[in-house]
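The block underneath contains the structure these notes are about, expressed in structure tokens.
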Amino acid sequence: MTLYFLCLVLFCVGLYGVLRKRNLVKIIIGLGIIEYSMNLFFVLLGYRFHGRAPIDAQGQDILNMVDPLPQALVLTSIVIGLAVTALLISIAIKIYEKYGTFDITKIKRLKG
Amino acid sequence: MIDNPNTGMSLIVKTITRLTVGLILLFGIYIVLHGHLSPGGGFAGGVIIALSFIHLMLAFGKEAVASKISTRLASNLESIGALMFLGIALMGFFGGSFFLNILNKGLPFNLFSAGTIPLSNIAISLKVGIGLLAIFLALVILENVKKEK
Amino acid sequence: MELHILLLFMIFAAIVAIEVKDLLSSVVGVGAVGFALCLAFLVLKAPDLAITQLVVEILCLIILIRATIKKDLPLVIAGRWVFNTIATVGFIAVFLFFAYVALKELPSFGNPTMRVVKMYLQEGLGKTGATNLVTSVILDFRAYDTLGEATVLFASVIGIMAVLRGKGRKKIEEREDDR
Numbered sequence: 001m002t003l004y005f006l007c008l009v010l011f012c013v014g015l016y017g018v019l020r021k022r023n024l025v026k027i028i029i030g031l032g033i034i035e036y037s038m039n040l041f042f043v044l045l046g047y048r049f050h051g052r053a054p055i056d057a058q059g060q061d062i063l064n065m066v067d068p069l070p071q072a073l074v075l076t077s078i079v080i081g082l083a084v085t086a087l088l089i090s091i092a093i094k095i096y097e098k099y100g101t102f103d104i105t106k107i108k109r110l111k112g
Numbered sequence: 113m114i115d116n117p118n119t120g121m122s123l124i125v126k127t128i129t130r131l132t133v134g135l136i137l138l139f140g141i142y143i144v145l146h147g148h149l150s151p152g153g154g155f156a157g158g159v160i161i162a163l164s165f166i167h168l169m170l171a172f173g174k175e176a177v178a179s180k181i182s183t184r185l186a187s188n189l190e191s192i193g194a195l196m197f198l199g200i201a202l203m204g205f206f207g208g209s210f211f212l213n214i215l216n217k218g219l220p221f222n223l224f225s226a227g228t229i230p231l232s233n234i235a236i237s238l239k240v241g242i243g244l245l246a247i248f249l250a251l252v253i254l255e256n257v258k259k260e261k
Numbered sequence: 262m263e264l265h266i267l268l269l270f271m272i273f274a275a276i277v278a279i280e281v282k283d284l285l286s287s288v289v290g291v292g293a294v295g296f297a298l299c300l301a302f303l304v305l306k307a308p309d310l311a312i313t314q315l316v317v318e319i320l321c322l323i324i325l326i327r328a329t330i331k332k333d334l335p336l337v338i339a340g341r342w343v344f345n346t347i348a349t350v351g352f353i354a355v356f357l358f359f360a361y362v363a364l365k366e367l368p369s370f371g372n373p374t375m376r377v378v379k380m381y382l383q384e385g386l387g388k389t390g391a392t393n394l395v396t397s398v399i400l401d402f403r404a405y406d407t408l409g410e411a412t413v414l415f416a417s418v419i420g421i422m423a424v425l426r427g428k429g430r431k432k433i434e435e436r437e438d439d440r
């Protein structure tokens, strides 16, 4: 129970970074921290005490494994998180070339 | 191998890179091929293969890789990987439905077992690895333009 | 027990990554959070995820360092700074209170209700022939989701190439004409 709560506290630290920071790279870093916390939350849901990794070996019990279904979903989510971060960084590079700064308040005020 | 002392990093980094970059590529191919027997699979193996090329590019400067693999070739190879995955899915129509596993199942714990799963692993690793290499090439070639302005 | 220590370390490293003024140091902080997450996956008996998280974290660090300069912006207390901060902290407090009330309904940690997965565990080896059950789930039982993920990766590569084009493309063509 406290483990789930600590996971959501990590989510809130990332959320604070997205909402209250002025530098564009800090906002992207906050988004990355939100993704890490959500992946950890999913894998925590499927853990079983004294379980085994979900790989068959010769002559071992099958019904003792941890849950492999959240692990399959999180495997996809990790790679998608990398693709989204790369796209955000490339847009940030283009913004820096056009406006000369990473500050989001100054980007709003320059028109054309 | 281009040995210009002006580009890339120092001599120690270049020597170690020459010794280890082939082993990293081999390890990535091993993880892809044994995806149905031990942990790993297509995604992790594809990223390791992309990391071996990026290692070469970081140590020797970007001329060593960017002159041989342009972004057009990389995006063509990535499309071939995606089409191969779709082809394996459509092959299931011979058995009755979309994505059905129709090849021979074989004995467990062998390398040639589990039907279409090793072929899917190879297609996914081609797509993910070459796609990430194309992203990195696009980022690096732009830096060249920014410095020349 | 080890999971509590790892989670406290991750929270501390995340606070450091967001508050430090130097951009390069905050990228190092995000790297520390990622490596601690890889260790947490190993403790939770998920070796597939640990391998994938480690290599993806290394690639993410390389791409992030590409875009950082060495200066952060100074703190400016202008406009409605007090109201914004109090509103954000208040929202986070309300969110955490409701999260605590909702998390009590989940099954306790360590005893999952595996109703759907029992069928996958018992028939996985027989129906697919693969001994790695996570691979058999993502490439045989749920292969449609993997097709969707390949589409998302493809769309992001096309998006990056479309955004970063422009003058770069002409220079490459000029260099190819000169050779």
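Taken in order, these protein sequences are the chains called A, B and C.
Every letter in the first sequence is one number past the one before it in this note's numbering, and letter 90, counting from 1, is 90.
This note's numbering runs 112 ahead of the 1-based position in the second sequence.
This note's numbering runs 261 ahead of the 1-based position in the third sequence.
Cβ atoms here follow ideal geometry from the backbone N, Cα and C, with glycine treated the same way.
All of these numbers come straight from a predicted model, not from anything done at the bench.
### Query
Residues in its own chain within less than 7 Å of C/Phe-358 by CB, not counting five upstream and five downstream?
The count along the third sequence starts at 1 and reaches residue 358 of chain C at position 97. Answer for C/Phe-358: no residue qualifies.
### Task
Compare the C-beta of B/Leu-135 against all C-beta atoms of chain C and say whether one is closer than 9 Å.
Taking the second sequence and counting its residues from 1, one reaches residue 135 of chain B at position 23. With 9 Å as the cut-off, B/Leu-135 does not count as an interface residue toward chain C.
### Query
With a cut-off of 9 Å, does the C-beta of C/Gly-292 fall near any C-beta of chain B?
Locating residue 292 of chain C in the third sequence gives position 31, where the first residue counts as 1. No, its Cβ sits nowhere closer than 9 Å to a Cβ of chain B.
### Task
Anything in the segment 292-320 of chain C with a Cβ closer than 8 Å to a Cβ of chain F? List those residues in chain order, please.
No chain F is part of this structure, whose protein chains are labelled A, B and C.
### Task
Output, in chain order, the set of chain A residues within a Cβ distance shorter than 7 Å of B/Ser-187.
Locating residue 187 of chain B in the second sequence gives position 75, counting from the first residue. Contact annotation for B/Ser-187 against chain A: no contact, minimum CB-CB distance about 15 Å [criterion: below 7 Å].
### Query
Does any residue of chain A bring its CB to less than 9 Å from the CB of B/Val-159?
The count along the second sequence starts at 1 and reaches residue 159 of chain B at position 47. Judged by the 9 Å Cβ criterion, B/Val-159 is in contact with chain A.
### Message
So, with DSSP's three-state summary, where would you put A/Ile-62?
### Response
The residue you call residue 62 of chain A lines up with position 62 of the first sequence. Annotated three-state conformation of A/Ile-62 is coil, per DSSP.
### Task
Give every residue of the same chain whose Cβ lies closer than 7 Å to the Cβ of A/Gly-51, excluding the five residues on either side of it in the sequence, and list them in chain order.
Position 51 of the first sequence, counted from the first residue, corresponds to residue 51 of chain A. Here the set comprises Asn-64, Met-65 and Val-66.
### Query
What are the residues of the segment 124-157 of chain B that lie near chain C, defined by any Cβ-Cβ distance shorter than 7 Å?
Against chain C - using a Cβ distance shorter than 7 Å - the residues of the segment 124-157 of chain B are Gly-147, His-148, Leu-149, Ser-150, Pro-151, Gly-152, Gly-153, Phe-155 and Ala-156.
### Message
Between B/Lys-258 and chain A, is the shortest Cβ-Cβ distance under 9 Å, so that the two count as touching?
### Response
In the second sequence, the residue the question calls residue 258 of chain B occupies position 146. The predicted position of B/Lys-258 is uncertain, since its pLDDT is 49 and thus under 50; a value taken from the coordinates is nonetheless stated next. B/Lys-258 counts as touching chain A.
### Query
Which word fits C/Pro-368, buried or exposed, when buried means at least 16 other C-beta atoms lie within 10 angstroms of its C-beta?
As a first step, residue 368 of chain C must be located in the third sequence, where it is residue number 107. Under a 10 Å Cβ-count criterion, C/Pro-368 is classified as exposed, with fewer than 16 other Cβ atoms of the shown protein chains found around its own Cβ.
### Task
Closer than 7 Å, Cβ to Cβ, to anything on chain B: give me those residues from the segment 68-84 of chain A, in chain order.
Against chain B - using a Cβ distance shorter than 7 Å - the residues of the segment 68-84 of chain A are Leu-75 and Val-79.
### Task
Report back the beta-carbon spacing between A/Leu-10 and A/Phe-42 to the nearest angstrom; my notes put them in contact at under 8 Å.
Position 10 of the first sequence, counted from the start, is the residue given in the question as residue 10 of chain A. Position 42 of the first sequence, counted from the start, is the residue given in the question as residue 42 of chain A. No, A/Leu-10 and A/Phe-42 are not in contact; Cβ-Cβ is about 13 Å, not under 8 Å.
### Task
Just mark C/Asp-309 as buried or exposed, buried being the case when its beta carbon has 16 or more other beta carbons within 10 Å.
Here residue 309 of chain C refers to the residue found at position 48 when the third sequence is read from its first residue. It counts as buried.
### Query
Does the Cβ-Cβ distance between B/Ile-247 and C/Val-418 come in under 9 Å?
Residue numbering aside, residue 247 of chain B sits at position 135 when the second sequence is read from its first letter. Residue numbering aside, residue 418 of chain C sits at position 157 when the third sequence is read from its first letter. Cβ distance < 9 Å, so B/Ile-247 and C/Val-418 count as in contact.
### Task
Measure the alpha-carbon distance for C/Glu-384 versus A/Pro-68 and round it to whole angstroms.
Taking the third sequence and counting its residues from 1, one reaches residue 384 of chain C at position 123. Taking the first sequence and counting its residues from 1, one reaches residue 68 of chain A at position 68. A direct Cα-to-Cα measurement between C/Glu-384 and A/Pro-68 gives close to 13 Å.
### Query
To which residues does DSSP link A/Asn-23 through a beta bridge?
Counted from its first residue, the first sequence places residue 23 of chain A at position 23. Beta-bridge analysis with DSSP links A/Asn-23 to A/Asp-103.
### Query
For C/Gly-390, which three-state DSSP category applies?
As a working note, residue 390 of chain C is residue 129 in the third sequence. In this structure, C/Gly-390 counts as coil in the three-state DSSP scheme.
### Query
Taking only beta-carbon atoms, is C/Ala-274 less than 9 Å away from chain B?
Position 13 of the third sequence, counted from the first residue, corresponds to residue 274 of chain C. Judged by the 9 Å Cβ criterion, C/Ala-274 is not in contact with chain B.
### Task
Report the option in A/Ser-37, A/Ile-107, A/Arg-20 and A/Ile-89 whose CA atom is closest to the CA atom of A/Ile-28.
Counted from its first residue, the first sequence places residue 28 of chain A at position 28. Residue A/Ile-89 is the option with its Cα nearest to A/Ile-28.
#### Entry: Best match in C/Ala-297, C/Leu-320, C/Leu-322 and C/Asn-393 for proximity to C/Ala-311 [C-alpha to C-alpha]
For the purposes of this step, residue 311 of chain C is taken as the residue at position 50 of the third sequence. Checking every option, the nearest Cα to that of C/Ala-311 belongs to C/Ala-297.
### Message
Quick check for students: name the residue ranges of the alpha helix (DSSP H) that lie wholly in the segment 6-54 of chain A, counting only runs of 4 or more.
### Response
Entirely contained in the segment 6-54 of chain A, the alpha helix (DSSP H) runs reaching 4 residues are, in chain order, 24-45.
### Query
What in chain B is Cβ-close to A/Ile-55, meaning under 8 Å?
Residue mapping note: residue 55 of chain A aligns to position 55 of the first sequence, counting from 1. Residues of chain B passing the Cβ test: Ser-150 and Pro-151.
### Query
A/Ser-37 touches chain B at which residues, Cβ-Cβ below 7 Å?
The count along the first sequence starts at 1 and reaches residue 37 of chain A at position 37. Near A/Ser-37 there are no residues of chain B at all, since even the closest Cβ is about 21 Å away, more than 7 Å.
### Query
Does the segment 1-21 of chain A touch the segment 263-277 of chain C, meaning 3 or more C-beta pairs lie closer than 8 Å?
The segment 263-277 of chain C, when compared against the segment 1-21 of chain A, does touch it at the 8 Å Cβ threshold.
### Task
Whole angstroms is fine: what's the gap from B/Pro-151's alpha carbon to C/Val-398's?
By one-based count along the second sequence, residue 151 of chain B stands at place 39. By one-based count along the third sequence, residue 398 of chain C stands at place 137. Distance between the alpha carbons of B/Pro-151 and C/Val-398: 13 Å.
### Query
Do the segment 264-272 of chain C and the segment 182-195 of chain B meet, that is, are 3 or more Cβ pairs less than 8 Å apart?
By the Cβ test, the segment 264-272 of chain C is not in contact with the segment 182-195 of chain B, since fewer than three Cβ pairs between them sit closer than 8 Å.
### Closest by C-alpha distance to A/Asn-23, when choosing among C/Thr-329, C/Leu-414 and C/Ala-423
Counting from one through the first sequence, the residue named residue 23 of chain A turns up at place 23. Of C/Thr-329, C/Leu-414 and C/Ala-423, the residue nearest in Cα terms is C/Thr-329.
### Query
Just how far apart, CA to CA, sit C/Thr-412 and A/Ile-80?
As a first step, residue 412 of chain C is located in the third sequence; it is residue number 151 there, counting from the start. As a first step, residue 80 of chain A is located in the first sequence; it is residue number 80 there, counting from the start. C/Thr-412 and A/Ile-80 have their C-alpha atoms roughly 10 Å apart.
### Message
Under 9 Å, Cβ to Cβ, is there at least one residue of chain A near B/Val-240?
### Response
Along the second sequence, one-based indexing puts residue 240 of chain B at 128. It does: the Cβ of B/Val-240 has a partner Cβ on chain A nearer than 9 Å.
### Query
Interface residues of chain B around A/Ala-86 at Cβ under 7 Å?
As a working mapping, residue 86 of chain A is identified with position 86 in the first sequence. By Cβ distance, chain B contributes Ile-247.
### Message
Can you confirm whether the segment 160-167 of chain B touches the segment 136-149 of chain B when touching is taken to mean that 3 or more C-beta pairs between the two stretches lie within less than 8 Å?
### Response
The segment 136-149 of chain B is in contact with the segment 160-167 of chain B.
### Task
Under 8 Å between beta-carbons, which chain C residues line up against B/Ala-201? List them in chain order, please.
For this step, residue 201 of chain B is matched to residue 89 along the second sequence. Residues of chain C passing the Cβ test: Ala-404 and Leu-408.
### Query
To which residues does DSSP link C/Gly-371 through a beta bridge?
The residue labelled residue 371 of chain C in the question sits at position 110 within the third sequence. In the DSSP output, where bridge partners are listed per residue, C/Gly-371 has A/Arg-48.
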